[in-house]
Amino acid sequence: MTKIMIREEESCKMMTAAEFAIERFGENFDLSKFSEEALATKMRIFHEGSDLAPQLFETQMLPNAVAAVHSHEEDEIIYILAGEMIVGNRTLKRGTSLFIAANTLYGFQSGPEGLQFLNFRPHRC
């Protein structure tokens, strides 16, 4: 594994969640269970991650978009770059980080200006 890896924004393709899912899981992946706004969410993978390497990606959500309740098998840290993230009765703003333990059910909504955040996980999910 490379000891230092530099990924500049320009070298990382921004894609919709639909494009990402098809690229990751193949043409036969069933997108019908996801809302149009969820599929329109944009992602930029900076570090793909593996069993041994961490994962880092950027997400951009449309205004007032909903991320349905879900969980991940890994801990994760979210860092808000722009907009607002509404989690329960809390509105989190730019510069806020959020730690979510593995297997924790959570959901959120983007604010009226949308939401842009970085997501870090210790391994690829």
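Numbering-wise (my numbering), the sequence shown opens with residue 187 and increments by one.
No residue lacks a Cβ here, since even glycine has one placed at the ideal position from N, Cα and C.
These numbers come from a predicted model, not from an experiment.
Between Leu238 and Ser296, is the Cβ-Cβ spacing less than 8 Å? Here residue 238 refers to the residue found at position 52 of the sequence shown. Here residue 296 refers to the residue found at position 110 of the sequence shown. No, the pair does not count as a contact, with Cβ atoms beyond the cut-off.
For Ala251, name the three-state secondary structure that DSSP assigns. On the sequence shown, residue 251 is found 65 positions in, with the first residue counted as 1. Collapsing the DSSP output to three states places Ala251 in coil.
Assigned exposure category for Arg276 - 16 Cβ within 10 Å defines buried: Translated into positions along the sequence shown, residue 276 becomes position 90. Exposed: under 16 other Cβ atoms inside 10 Å.
Once you ignore the five residues that flank Glu260 on each side, which residues in its own chain have a CB closer than 6 Å to its CB? Position 74 of the sequence shown holds residue 260. Within the same chain, Cβ atoms closer than 6 Å to the Cβ of Glu260 are found at Ala288, Arg307, Pro308, His309 and Cys311, the five residues on either side in sequence being excluded.
Quick one: using the 10 Å Cβ neighbour count with 16 as the cut-off for buried, is Leu291 buried or exposed? Taking the first residue of the sequence shown as position 1, residue 291 is located at position 105. Result: exposed.
For Leu242, which residues of its own chain have a beta-carbon under 6 Å away from its beta-carbon, when the five flanking residues on both sides are left out? Working through the sequence shown from its first residue, we reach residue 242 at position 56. Excluding residues within five positions, the ones whose Cβ falls inside 6 Å are Phe232, His233 and Phe306.
Report the residue from Phe220, Ala253 and Thr282 whose alpha carbon sits nearest the alpha carbon of Ile263. In the sequence shown, residue 263 corresponds to position 77, counting from 1. Ranking Phe220, Ala253 and Thr282 by Cα distance to Ile263 puts Thr282 first.
For Ile286 and chain C, any beta-carbon pair shorter than 8 Å? Here there is only one protein chain, and chain C is not present.
Return the chain-ordered list of same chain residues with a C-beta closer than 6 Å to the C-beta of Val252, the five sequence neighbours on each side being excluded. Start at 1 with the first residue of the sequence shown, and residue 252 comes out as number 66. Hits under 6 Å: Gln295.
Reduced DSSP category for Ile263 - H, G, I as helix; E, B as strand; rest coil: Within the sequence shown, the letter at position 77 stands for residue 263. It is a strand residue.
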